[in-house]
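J.: After the structure tokens below, expect a handful of questions from me.
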Amino acid sequence: MEVRKICQWCGKPFIAQKTTTCYCSHQCSNLGYKDRIRERKRQLKRSQELLQPRQAAEVQDFLSFAQAAKLMGVTRQYIYKLVKESKLRASRISGKKSLIRRADIELMMKTKPYERIMPKEDFDITEYYTAEEIAEKYKVNAKWVWTYTRQHKVPKVRIRQFNYYSKKHIDAAFAKYEVDSDLTEWYTPEEIQEKYGMTRVAIRSQVYRNNIPSKKEHGQIYYSKLHFDLSKTSEQESKAEYYTVKEAMEKFKLSRDSVYGILQFHQINREKNGRFVRFLKVEFDRVMGVHK
Numbered sequence: 001m002e003v004r005k006i007c008q009w010c011g012k013p014f015i016a017q018k019t020t021t022c023y024c025s026h027q028c029s030n031l032g033y034k035d036r037i038r039e040r041k042r043q044l045k046r047s048q049e050l051l052q053p054r055q056a057a058e059v060q061d062f063l064s065f066a067q068a069a070k071l072m073g074v075t076r077q078y079i080y081k082l083v084k085e086s087k088l089r090a091s092r093i094s095g096k097k098s099l100i101r102r103a104d105i106e107l108m109m110k111t112k113p114y115e116r117i118m119p120k121e122d123f124d125i126t127e128y129y130t131a132e133e134i135a136e137k138y139k140v141n142a143k144w145v146w147t148y149t150r151q152h153k154v155p156k157v158r159i160r161q162f163n164y165y166s167k168k169h170i171d172a173a174f175a176k177y178e179v180d181s182d183l184t185e186w187y188t189p190e191e192i193q194e195k196y197g198m199t200r201v202a203i204r205s206q207v208y209r210n211n212i213p214s215k216k217e218h219g220q221i222y223y224s225k226l227h228f229d230l231s232k233t234s235e236q237e238s239k240a241e242y243y244t245v246k247e248a249m250e251k252f253k254l255s256r257d258s259v260y261g262i263l264q265f266h267q268i269n270r271e272k273n274g275r276f277v278r279f280l281k282v283e284f285d286r287v288m289g290v291h292k
């Protein structure tokens, strides 16, 4: 069987004995083989040159804009755009040299999760809030809304440049902060400090012990005026019925050990109120009256 073919190396026509023959002679076949080997080596070298910058960037803590672009698989112009929009932090070392921390690239990727982009015609806006609507309704800072929704993974959709947050999830999140609508008068911590001379720590302790309702609006904490005044009134009434160890020492000119000795010997009940030990005045006065 004779087949007319063109030699793939020298380009001359020849008659081949097989359909798989590609060269006109043994010499052309050897030259073609060597050329294929050289081409494979060139391709391997090119692929190594492409991988080398990325491998070098993977062990570096600080990258140039070009290295950052190769590491992320984007153009250098896109890196400039991210820096300009304050989405990626960069540091200018000199007039012609700027660097990007590898940690900042990883941070940007973590804080920018994938967001489902929904066509406007398929979007029911009545089921979603904007950040401004949440801030106005629940009296919080808009930046707090962005932080909270990101940390708690509140479902959201993005329409053009605006974010919309699920009403169902936001209302459920704020339900635990709701207070009785009948409460209309509130104290700020500064007002309590001025009226009762208490420290911030003492105020928080009083609120915790007496379960006083509180609310937070625009970063300011408020405490129910009615409940706080009642707790202080009951506290004053309670003080009138009890001695503290210090009060008993001053009234009866006793040492601390003597007061505790009397309490233990006569089995007078005592209780802990904050950092003070107190006991009934009636029982202690009766014991001291006997000694007199």
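Under our numbering, the letters of the sequence shown match residues 1 to 292, in that order.
Note that CB positions come from ideal geometry on N, CA and C, so glycine has one too.
What you are looking at is a predicted structure, and each value in this text was computed from that prediction instead of being measured.
(1) Among K195, T130, S86, R46, which residue has its Cα nearest to the Cα of F162?
(2) Pair every Cβ in the stretch 95-113 with every Cβ in the stretch 68-79, then say whether three or more of these pairs are closer than 8 Å.
(3) By the DSSP assignment, the beta strand (DSSP E) with V157 in it spans what residues?
(4) So which of S64, L263, R286 has the shortest CA-CA distance to R76?
(5) K272 and Y243 look like a contact to me (Cβ under 8 Å); what is the Cβ gap, rounded to whole Å?
(6) Quick check on the burial criterion: 16 or more other C-beta atoms within 10 angstroms. Buried or exposed for V140?
(7) Do you know how far the Cα of R278 is from the Cα of E241?
(8) What is the DSSP secondary structure of P13, counted as helix, strand or coil?
(9) Under the rule that 16 or more other beta-carbon atoms within 10 Å means buried, what is R256, buried or exposed?
(10) Taking the alpha-carbon positions, what's the K5 to L31 distance?
(11) Could you check the C-alpha separation between K292 and D229 for me, to the nearest Å?
(12) Starting from N210 and walking both ways along the alpha helix (DSSP H), at which residues does that stretch end?
(13) Spatial neighbours of V145 within its chain, please: C-beta separation below 7 Å, excluding the five flanking residues on both sides.
(14) If you check the beta carbons only, do Y223 and V207 fall under 8 Å apart?
(15) Please report the residue range of the alpha helix (DSSP H) in which L71 lies.
(16) Please name the residue, chosen from K251, R275, F276, that lies closest to F284 on a Cα-to-Cα basis.
(17) Any idea what DSSP makes of T147, helix, strand or coil?
(18) Answer with buried or exposed for R92, where buried requires no fewer than 16 other C-beta atoms within 10 angstroms of its C-beta.
T.: In short:
(1) As a position in the sequence shown, residue 162 is number 162, starting the count at 1. Relative to F162, the option among K195, T130, S86, R46 whose CA is nearest is T130.
(2) These segments touch.
(3) The residue given as residue 157 occupies position 157 in the sequence shown. From DSSP, the beta strand (DSSP E) with V157 extends over 156-159.
(4) As a working mapping, residue 76 is identified with position 76 in the sequence shown. Cα-wise, what sits closest to R76 is S64.
(5) The count along the sequence shown starts at 1 and reaches residue 272 at position 272. The count along the sequence shown starts at 1 and reaches residue 243 at position 243. About 14 Å separates the Cβ atoms of K272 and Y243, ruling out a contact at the 8 Å cut-off.
(6) The residue labelled residue 140 in the question sits at position 140 within the sequence shown. So V140 ends up on the buried side.
(7) By one-based count along the sequence shown, residue 241 stands at place 241. By one-based count along the sequence shown, residue 278 stands at place 278. Rounded to whole angstroms, E241 and R278 show a C-alpha spacing of 10 Å.
(8) Within the sequence shown, residue 13 is the residue found at index 13, counting from 1. DSSP places P13 in strand when its eight states are reduced to three.
(9) Counting from one through the sequence shown, the residue named residue 256 turns up at place 256. Counting every other CB atom within 10 Å of its CB across the protein chains shown gives R256 a total below 16, marking it as exposed.
(10) Indexing the sequence shown from 1 puts residue 5 at position 5. Indexing the sequence shown from 1 puts residue 31 at position 31. For K5 and L31, the gap between their C-alpha atoms comes out near 18 Å.
(11) Position 292 of the sequence shown, counted from the start, is the residue given in the question as residue 292. Position 229 of the sequence shown, counted from the start, is the residue given in the question as residue 229. Confidence at K292 is low in this model, with a pLDDT of 42, below 50, so the placement of that residue is unreliable and no value is reported for it.
(12) Taking the first residue of the sequence shown as position 1, residue 210 is located at position 210. Membership of N210 in the alpha helix (DSSP H) is indicated by the continuous run 200-210.
(13) Translated into positions along the sequence shown, residue 145 becomes position 145. Cβ neighbours of V145 beyond the five flanking positions: A131, I134, A135.
(14) As a working note, residue 223 is residue 223 in the sequence shown. As a working note, residue 207 is residue 207 in the sequence shown. In contact: Y223 and V207 (Cβ atoms closer than 8 Å).
(15) For the purposes of this step, residue 71 is taken as residue 71 along the sequence shown, with counting starting at 1. Segment 65-72, the alpha helix (DSSP H) holding L71.
(16) As a first step, residue 284 must be located in the sequence shown, where it is residue number 284. Nearest option by C-alpha distance: K251.
(17) By one-based count along the sequence shown, residue 147 stands at place 147. If DSSP states are grouped into helix, strand and coil, T147 belongs with the helices.
(18) Here residue 92 is taken as the residue at index 92 of the sequence shown, counted from 1. Within 10 angstroms of the beta-carbon of R92 lie fewer than 16 other beta-carbons, which makes it exposed.
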